[in-house]
Amino acid sequence: MVTLCATDLLVLVDIQNDFCPGGALAVADGDAVVPLANDLARRFQAAGAGVVLTQDWHPPGHASFADNHPGAQPFQTIRLPYGEQTLWPAHCVQGTAGAEFHAGLDVPMASLVMRKGFRPAIDSYSAFFENDRHTPTGLAGYCRERGFTRLFFAGLATDFCVAFSAEDAARAGFTSVLLTGASRAIDLNGSLDAALARLALAGVTVMERI
Ligand code: VGL
Ligand code: ZN
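Everything in the sequence shown is counted per UniProt numbering, starting at 1 for the first residue and increasing by one.
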């Protein structure tokens, strides 16, 4: 049993309409995380711990959208100046309904919404660094200034934004825990197993629930 305290932070990743059934990049069973995220957030609040949200937030011409690469198909991998990039169907476009949080997400105590992926030429899976692995979002600084030392991650999708965030948190020196029970995966070409292997190497603790 994990005892939560004021230096713990829950990071709820991308629980947005486009990643839920019916959305542009729907994750199977994605909406199942909503009540679990709500419960976690209430427990963190009750313990005096922190809660923040991330929001995938792309301009319409975003480099990760297959539509913006003539002849390319969604889920194909291409080479961009910063490295390999999977192409996705257009999703989480700034200001659209698909980019909104799931209507059932009930986390008024969240102190920060960290938007990511807003630069047209670069994707950002991680809540800490863009996909060039160098450009920071500012979340590590927020955590340090607020005194959060142990970060728990849940949301969508396990093998992309949740895993990259948890991995970068560990690399940035935080204790990092990924909660699989409150996350769901895309699982594209073995991406879930690959993510779990990277998490183990990075020293992230993977737990079903706390
Ligand atoms: C995500 C693919 C593209 C995620 C975001 O939230 O896991 N995956 N954009
Ligand atoms: Zn995205």
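Glycine included, C-beta positions come from ideal geometry on N, C-alpha and C.
Since this is a predicted model, take the numbers as computed values, not measurements.
Original post:
Which whole-angstrom value is the C-beta distance of residue 143 and residue 9, which I expect to be below 8 Å?
Top reply: Right, their Cβ atoms sit about 6 Å apart.
Subject >> Assigned secondary structure, residue 192 (DSSP; H/G/I helix, E/B strand, else coil) >> reply: Residue 192: helix per DSSP, three-state reduction.
Subject >> Unbroken alpha helix (DSSP H) run spanning residue 43, endpoints >> reply: Residues 33-46.
Original post:
Is residue 84 helix, strand or coil by DSSP?
Top reply: Here residue 84 sits in strand by DSSP.
**OP:** Quick one: grab the DSSP three-state call for residue 148.
**Re:** Looking at residue 148 - three-state DSSP - the assignment turns out to be coil, as it is neither helix nor strand.
Subject >> C-beta contact flag for residue 54 and residue 127 at 8 Å >> reply: Between residue 54 and residue 127, the C-beta gap is smaller than 8 Å, which places the two residues in contact.
Subject >> Same chain only: Cβ atoms within 6 Å of residue 30, ignoring 5 sequence neighbours per side >> reply: Contacts found: 19, 20, 156, 184.
Original post:
Going by the beta-carbon positions, is the gap between residue 93 and residue 58 smaller than 8 Å?
Top reply: Yes.
Original post:
So is the beta-carbon of residue 19 under 7 Å away from any non-hydrogen atom of ligand 1?
Top reply: For ligand 1, at least one heavy atom lies less than 7 Å from the Cβ of residue 19.
Original post:
Since residue 8 is in the beta strand (DSSP E), which residue starts that stretch and which ends it?
Top reply: Unbroken beta strand (DSSP E) run through residue 8: 8-13.
Original post:
Under 7 Å from any heavy atom of ligand 2, does the C-beta of residue 123 make it?
Top reply: With a cutoff of 7 Å, residue 123 counts as near ligand 2, since its C-beta is closer than that to a heavy atom of the ligand.
Original post:
Where residue 197 and residue 45 are concerned, what is the direct C-alpha to C-alpha distance, given to the nearest angstrom?
Top reply: If you take the alpha carbons of residue 197 and residue 45, they lie about 31 Å apart.
**OP:** Using a threshold of 8 Å, state whether the C-beta atoms of residue 166 and residue 178 are closer than that.
**Re:** Contact: yes.
Subject >> Assigned exposure category for residue 52 - 16 Cβ within 10 Å defines buried >> reply: Burial of residue 52 is indicated by the presence of at least 16 other C-beta atoms within 10 angstroms of its C-beta.
**OP:** Spatial neighbours of residue 130 within its chain, please: CB distance less than 6 Å, with the 5 preceding and 5 following residues excluded, ordered by chain position.
**Re:** Cβ neighbours of residue 130 beyond the five flanking positions: 122, 124.
**OP:** Can you grab the Cα-Cα spacing for the pair residue 169 / residue 99, in whole Å?
**Re:** Going by the C-alpha atoms only, they are around 24 Å apart.
Original post:
What are the residues that DSSP puts in a beta bridge with residue 56?
Top reply: Paired residues: 116.
**OP:** Say whether chain C places a C-beta atom closer than 8 Å to the C-beta of residue 148.
**Re:** Annotation note: the requested chain C is absent from the structure, which comprises a single protein chain.
**OP:** Check residue 162 in the structure and name its three-state DSSP category.
**Re:** Three-state result, residue 162: helix.
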